Amino acid sequence: MNDQLLAAYLDYIGAERGLAALTLDNYQRDIKLLLLHLNSTTLEQALAHDIRRIVARLHAQGLSGKSLARILSSWRGFYRYLNLRHGYSNNPCDGLRAPKHRRALPHSLSVEQTQQLLETHTDDALDVRDSAMFELFYSSGLRLTELASLRMSQLDIAQAEIHIVGKGNKARIVPIGEVALIALQTWLEQRPSQTDAVFPGRNNTHLSQRAIALRLKRRAAIAGVNANVHPHVLRHAFASHLLQSSGDLRAVQELLGHASISTTQIYTQLDFQHLAMTYDQAHPRAKKRADNKKDG
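Residue numbers for the sequence shown, in full-length UniProt numbering: 1 to 296.
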């Protein structure tokens, strides 16, 4: 009987919603999971606590909150069909939510690893460009796309700022730390003048994102930083180090260009050492020049 109900439901939503065969297969697999775990309980007899028990069991078996949310949605739709076409009086899936999907923490570097990476230099002719690029990446928390497409017209060297138009055409202004500013000015003195690209590659066009990733991996290998270093790891380091130092979630959200505070909140789960309370005081490479002046 259950197999007949399932077949009829798949025919119904296939015709009603014009679903692809692969989508129908997914629905079938989800609902068969329900039928399997109901055991001797019939579809019509099932109550909310039966569904909760099944969801808990599946979660314990390793299904993620995201997968369980999809499965619950499939079951809910099946019961709506049974209410409509077969006179069922309740939908035991109504109001039930899957366990929260735990977002994976972004991989980051410690302050020491970051400094080790940034303070490593080579005899490579492109070392000056790369140093400016990586310092700016970490100093200002840019996205890889924003760094790769950076134009001279976006830089305000006098104010030590970058004008960014990020995701969703959202404009923001981000500061340039003092160490990054020195590295950037050193590079700008050597940079080809016939292009608007801040970090040009061959033919004076913008350096590709892949090229930036390869240059960063090379620098990490030379520096002996064995962590999985990819371009966004410097953005993650910027966010986590600054947030742990200042505790100002809203300010970090603005600097990163996140539309939602929930996206920024994931960095609160990262446990890094405290440095200070504001950007100029806290950021390890924003305060370095001032420290050097005191030493002198």
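Note that the Cβ used here is the ideal one computed from N, Cα and C, for glycine as well. Remember, it's a predicted structure, so these values are computed and weren't measured experimentally.
What are the boundary residues of the beta strand (DSSP E) that V179 is part of? From DSSP, V179 is part of no beta strand (DSSP E) but of the alpha helix (DSSP H) over 178 to 188.
Endpoints, alpha helix (DSSP H) assigned at H37: Segment 21 to 38, the alpha helix (DSSP H) holding H37.
Element boundaries [beta strand (DSSP E), containing E119]: No beta strand (DSSP E) holds E119; DSSP gives it neither H nor E.
For R151, which residues in the same chain have their Cβ closer than 7 Å to its Cβ, ignoring the five residues on either side in sequence? Excluding residues within five positions, the ones whose Cβ falls inside 7 Å are D196, A197, V198.
Is it right to say N228 is buried, meaning 16 or more other beta carbons lie within 10 angstroms of its own, or is it exposed? N228 sits exposed, since fewer than 16 C-beta atoms from the chains shown fall within 10 Å of its C-beta.
Hey, out of Q4, H37, N226, G141, whose CA is closest to E239's CA? The residue asked about is misnamed: residue 239 is Ala in this sequence, not Glu. Among Q4, H37, N226, G141, the Cα nearest to that of A239 is on G141.
Can you give the Cα-Cα distance for D130 and G166, rounded to whole angstroms? If you take the alpha carbons of D130 and G166, they lie about 22 Å apart.
Let me confirm a value: I222 is counted as buried when at least 16 other C-beta atoms fall within 10 Å, else exposed. Which label applies? Per the 10 Å Cβ criterion, exposed.
Cross-strand partners of D156 (DSSP beta bridge): Its beta-bridge partners are E161.
Host alpha helix (DSSP H) of A56 (start-end): Start and end: 48 to 60.
With DSSP as the reference, label A276 as helix, strand or coil. With a pLDDT of 34 at A276, under the threshold of 50, the modelled position of this residue cannot be trusted, and the question is left open.
Would you list the residues sitting across from I173 in a DSSP beta bridge? H163.
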